[in-house]
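Engineer: The opening residue of the sequence shown carries number 35 in the numbering used here; numbering runs sequentially from there.
Backbone N, C-alpha and C define an ideal beta-carbon position, used for all residues, glycine too.
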Amino acid sequence: MPHPHARKMKLLEVMRILERDTDSEHFLSASQIEQKLNSLDIPAERKGVYDDIKVLNAFYTPNDRRKGAKHPTVEKEENGMGYYLDNRTFSPADLKLMIDAIKSSKFLSEAKTEELVEGLRTLCSRYQAQSLRRDVIVPNRVKNMNSKIHNNVEFITTAINEGVQVKFRYFDYNVKQERVFRKKGAFYTVSPYNLIYSDDNYYLLAYDAEQEDFRPFRVDRMANCGLTELRRAGEEALKGLNLENYQRYTFNMYGGETKEVTLRFRNNMMNTVIDKFGRQNYAIPVDKDHFEVTVTVAVSPQFYGWVFGLKNYVTIVSPPDVVKGMAKHVEAVGKRYGLKLEKEK
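(1) Could you pull the start and end residues of the beta strand (DSSP E) that Ile230 belongs to?
(2) Could you check the C-alpha separation between Met304 and Ile51 for me, to the nearest Å?
(3) Can you tell me whether Met49 is buried or exposed? The criterion is at least 16 other CB atoms within 10 Å of its CB, across all chains shown.
(4) From the DSSP output, in three-state form, read off Met303 for me.
(5) Going by CA-CA distance only, name the one from Gly114, Gln314, Pro38, Pro77 that's closest to Ser63.
(6) Between Tyr117 and Gln314, what straight-line distance do the alpha-carbon atoms span, to the nearest angstrom?
(7) Where does Ala163 fall in DSSP's three states?
(8) Rounded to the nearest angstrom, what separates Leu154 and Asp309 at their Cα positions?
(9) Using DSSP with H/G/I as helix, E/B as strand and the rest coil, what is Asp86?
(10) Counting contacts by CB-CB distance shorter than 8 Å, is Lys218 in contact with chain C?
(11) As a quick exercise: from Glu79, Ala361, Tyr347, pick the residue whose alpha carbon is nearest that of Tyr338.
(12) Rank Pro335, Val356, Ile350 by C-alpha distance to the C-alpha of Val367 and give the top, closest one.
(13) Put Tyr237 into one of helix, strand or coil per three-state DSSP.
(14) Would you say Leu157 and Thr56 are within 8 Å of each other, going by their C-beta atoms?
(15) What first and last residue would you give for the alpha helix (DSSP H) that runs through Glu109?
(16) Are Leu45 and Asp86 touching if we call contact CB-CB under 8 Å?
(17) Helix, strand or coil for His37, going by three-state DSSP, please let me know.
(18) Name the DSSP bridge partner or partners of Asp206?
(19) When we look at the beta-carbon of Val364 and count the other beta-carbons within 10 Å, is it buried (16 or more) or exposed?
(20) Quick one, which of Ser143, Phe325, Tyr371 has its alpha-carbon nearest Val253's?
(21) In terms of residues, what are the limits of the alpha helix (DSSP H) holding Val151?
(22) If I measure Cβ to Cβ from Lys379 and keep anything under 6 Å in the same chain, skipping five residues before and after, which residues do I get?
(23) Would you call His39 buried or exposed, if buried means 16 or more other Cβ atoms sit within 10 Å of its Cβ?
(24) Buried or exposed: which applies to Ala240, given that a residue is buried once 16 or more other Cβ atoms fall within 10 Å of its Cβ?
(25) In the DSSP output, which residue or residues are listed as bridge partners for Pro319?
(26) Can you tell which of Lys369, His324, Glu294 has the C-alpha that lies nearest to the C-alpha of Pro353?
(27) Please report how far the alpha carbon of Gly219 lies from the alpha carbon of Val357, in whole angstroms.
(28) What's the call for Ser73, buried or exposed, on a 16-neighbour Cβ count within 10 Å?
(29) Threshold first: 3 residues or longer. Then list the beta strand (DSSP E) segments lying entirely within the stretch 38–84, N to C.
(30) Helix, strand or coil for Glu376 per DSSP?
(31) Rounding to the nearest angstrom, what Cα-Cα distance links Leu375 and Lys345 in this structure?
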């Protein structure tokens with residue numbers, strides 16, 4: 035018995051068949067497409083399939099013809115034996131890159147990872163999807179334990195768009211990997227301004243009226259997140275904050291007093307400078323082996339730790355108080371390990 039909406043569904047099913055069952059290496063003749071339609075109780079004939087393919091190509095062609103825009107097309111196989119869908123929005127290589135990134139992301143839970151990956155696999159043919167399922171291997175990945183992260187992101191995004199504050203409880207993990215809530219479980223109420231992905235974690239950058247400053251909050255450390263009816267605060271304070279460059283001058287998203295700091299690097303450290311601060315015309319040669327850059331940084335223990343980790347490849351030149359702060363940091367590290375060595379004796 036024909037499907038009750040067979041006439042209207044026919045073109046949609048032809049599209050689905052081409053999307054799912056064809057690619058540049060797998061094609062279907064008009065007769066094979068006709069057979070598949072009939073198996074779905076959708077009456078079809080070969081001539082009608084040809085007409086459907088013409089309509090699909092007209093539909094796939096964008097009206098604006100944007101330069102470089104990619105749009106699908108139904109192509110004939112080289113020997114004229116059948117048809118296949120070509121020029122999909124994402125190639126198998128594109129999808130593999132996205133799947134690898136999703137699978138290696140610590141921010142996503144295992145369940146959300148698989149949900150997103152399966153969704154991406156529907157954007158190619160079933161043959162290509164099988165290949166992606168075989169090829170994706172991400173060793174030793176660590177996934178997040180908080181399955182509510184996407185709900186948190188939705189609340190935060192809505193709050194940013196509507197200009198209202200969000201509330202949530204904020205926690206850390208103890209040695210037993212149990213949640214321990216800060217402020218004895220009381221709610222934080224803050225004004226959200228941006229979501230930042232940094233060091234495999236998602237952060238909310240928000241204005242905290244109690245601290246009278248902007249603070250980053252790990253999204254996966256939030257619980258019971260929700261909207262409030264309070265209008266967002268901190269507009270004046272925002273004028274002194276460069277949201278676009280915030281991630282560049284903070285270290286592991288730890289805030290601190292922002293200062294112009296001059297750093298001297300060995301010449302072979304330019305990759306490190308670009309990775310952290312971006313490509314800018316700020317490098318000044320000092321001698322044949324060194325160059326200096328002056329950048330805005332949030333001076334914090336994490337900043338000193340970053341410099342310390344680069345050993346003798348970088349030196350803080352100015353300002354004097356930051357140089358002194360680095361010296362104290364190194365002294366504290368020395369004392370810590372010196373005391374350990376004395377105890378071992």
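Structural biologist: Looking at the atomic coordinates:
(1) Ile230 -> beta strand (DSSP E) spans 222–232.
(2) Each residue's Cα considered, the two are about 51 Å apart.
(3) In this structure Met49 is buried. Its beta-carbon is surrounded by 16 or more other beta-carbon atoms within 10 angstroms.
(4) Three-state DSSP puts Met303 in a helix.
(5) Ranked by Cα distance from Ser63, the options Gly114, Gln314, Pro38, Pro77 are led by Gly114.
(6) For the pair Tyr117 and Gln314, the Cα-to-Cα distance works out to about 49 Å.
(7) Of the three classes helix, strand and coil, the one that applies to Ala163 here is helix, per DSSP.
(8) Their backbone Cα atoms lie some 29 Å apart in a straight line.
(9) Taken through DSSP and simplified to helix, strand or coil, Asp86 comes out as helix.
(10) Going by chain labels, chain C is absent from the structure shown, which holds only one protein chain.
(11) The shortest Cα separation from Tyr338 among Glu79, Ala361, Tyr347 belongs to Ala361.
(12) Minimum Cα distance to Val367 is reached at Pro335.
(13) For Tyr237, the three-state secondary structure derived from DSSP is strand.
(14) Not in contact: Leu157 and Thr56 (Cβ atoms no closer than 8 Å).
(15) No alpha helix (DSSP H) holds Glu109; the beta strand (DSSP E) holding it covers 107–110.
(16) Less than 8 Å separates the beta-carbon of Leu45 from that of Asp86.
(17) His37 falls in the coil class under three-state DSSP.
(18) Beta-bridge pairing links Asp206 to Val214.
(19) Counting Cβ neighbours within 10 Å, Val364 comes out exposed, since fewer than 16 surround it.
(20) Val253 has its Cα closest to that of Ser143, out of Ser143, Phe325, Tyr371.
(21) Per DSSP, the continuous alpha helix (DSSP H) segment holding Val151 begins and ends at 144–155.
(22) Only weak support exists for where Lys379 lies, its pLDDT of 42 falling under 50; the value from the coordinates is given anyway. Result list for Lys379: empty, nothing under 6 Å.
(23) Its Cβ having fewer than 16 others within 10 Å, His39 is exposed.
(24) With 16 or more other Cβ atoms inside 10 Å of its own Cβ, Ala240 counts as buried.
(25) When DSSP reads this structure, Pro319 sits in a beta bridge with Phe325.
(26) Among Lys369, His324, Glu294, the Cα nearest to that of Pro353 is on Glu294.
(27) Straight through space, the alpha carbons of Val357 and Gly219 are spaced by roughly 39 Å.
(28) Around the C-beta of Ser73, fewer than 16 other C-beta atoms lie within 10 Å, and the residue is accordingly described as exposed.
(29) Positions of the beta strand (DSSP E) runs, each at least 3 residues long and wholly inside the stretch 38–84, cannot be given because no such run exists.
(30) For Glu376, the pLDDT reaches just 47, beneath the cut-off of 50, and the residue's location in the model is therefore unreliable, although a value from the coordinates is still provided. It is helical.
(31) With a pLDDT of only 41 at Leu375, under 50, the local geometry of the prediction cannot be trusted, and the value read off the model is given with reservation. Within the model, the alpha-carbon separation for Leu375 versus Lys345 is close to 21 Å.
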